[in-house]
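FYI, the working numbering numbers position 98 of the sequence shown as 108, with every residue one higher than the one before it. We put the CB at the ideal spot given by N, CA and C, even for glycine. For clarity, every value in this text was computed on a predicted model and none was experimentally measured. See below for the structure under consideration.
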Amino acid sequence: MGRSVSYPTGSVVAFRLLDDGEDDDVDWAYECLVDEVIDAAKAAFPSFERFDGWRGREDRILLRNAFADCGISTYCGLAAIWLAERDDARYWEADFYNPRTGRTRHWLGQVSGRFIDLFGELRLVGRFSNGEAIFERSRSTCDTGS
């Protein structure tokens with residue numbers, strides 16, 4: 011199976027290229043993108059608070075609210091910016107006493123379009139049988155010329 015950028019199962023995902031040129035400093039471009047995601051997501055979704063954590067070894071959590079994690083994953087110059095239902099012990103313990111799962115899915119459904127518009131530059135078109143992904147520029151970036 012081919013390798014691709016990681017993101018949590020069931021998440022809302024926006025894709026971007028991390029670097030456009032050969033002369034770019036990839037680490038600097040990554041840190042700039044992280045700062046942009048944090049600032050833009052907090053402005054668009056004020057319930058988010060900064061959070062420093064990981065889901066596994068590849069999915070970095072940048073922000074968290076009562077329902078979801080917002081994070082970033084990268085692979086070979088492709089960044090996946092994602093929103094996913096929280097998957098930590100405190101969330102599931104709170105869910106046991108006061109169910110959040112339904113509200114979480116409702117909230118994710120409400121914000122997913124705005125999230126994709128905010129961060130998506132590429133759209134996943136499909137995958138080959140070996141797992142390699144095919145992307146195209148999203149219509150919004152083509153229309154604006156960015």
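Identified DSSP bridge partners for residue i
| i | result |
| --- | --- |
| ALA89 | ARG26, THR84 |
| ASP208 | Past the boundaries of the shown model lies residue 208; the chain is included only from 11 to 156, so the question cannot be answered. |
| PHE145 | LEU134 |
| ALA54 | DSSP output for ALA54 lists no bridge partner at all. |
| GLU103 | GLU103 is not bridged to any residue. |
| ALA78 | GLU95 |
| ARG60 | LEU73 |
Supposed close pair residue i, residue j - CB separation, criterion 8 Å
| i | j | result |
| --- | --- | --- |
| ASP97 | ARG65 | 7 Å |
| LEU88 | VAL15 | 5 Å |
| LEU93 | VAL44 | The pair is not a contact, with the Cβ atoms about 15 Å apart (cut-off 8 Å). |
| VAL121 | ILE82 | Actually they are not in contact, since the Cβ atoms of VAL121 and ILE82 sit about 17 Å apart, beyond 8 Å. |
| ARG110 | ALA104 | 6 Å |
Same chain only: Cβ atoms within 6 Å of residue i, ignoring 5 sequence neighbours per side
| i | result |
| --- | --- |
| ILE144 | VAL135, GLY136 |
| TYR101 | none |
| PHE57 | Note on residue identity: the sequence assigns Ser, not Phe, to residue 57. Closer than 6 Å at the Cβ level, and outside the excluded window around SER57, lie ASN75. |
Same chain, Cβ closer than 8 Å to residue i, five either side skipped, listed in chain order
| i | result |
| --- | --- |
| PHE25 | VAL15, LEU88, ALA89, ALA90, ILE91, GLY130, GLU131, LEU132, ARG133, LEU134, PHE145 |
| THR84 | VAL15, LEU28, TYR40, ALA90 |
| LEU128 | ALA24, ALA50, ALA51, ALA54 |
Contacts around residue i, its chain only, beta-carbon distance under 7 Å, and the 5 residues preceding and following it disregarded
| i | result |
| --- | --- |
| SER156 | Because the pLDDT at SER156 is just 49, under 50, the model does not fix this residue reliably, and the value given afterwards should be weighed accordingly. Answer for SER156: no residue qualifies. |
| ASP69 | SER16, TYR17, PRO18, GLY81, SER83 |
- Task: Count the C-beta pairs between the region 114-127 and the region 69-80 that are closer than 8 Å, then say yes if the count reaches three, no if not.
- Result: Touching, yes, given that three or more Cβ pairs across the two stretches are closer than 8 Å.
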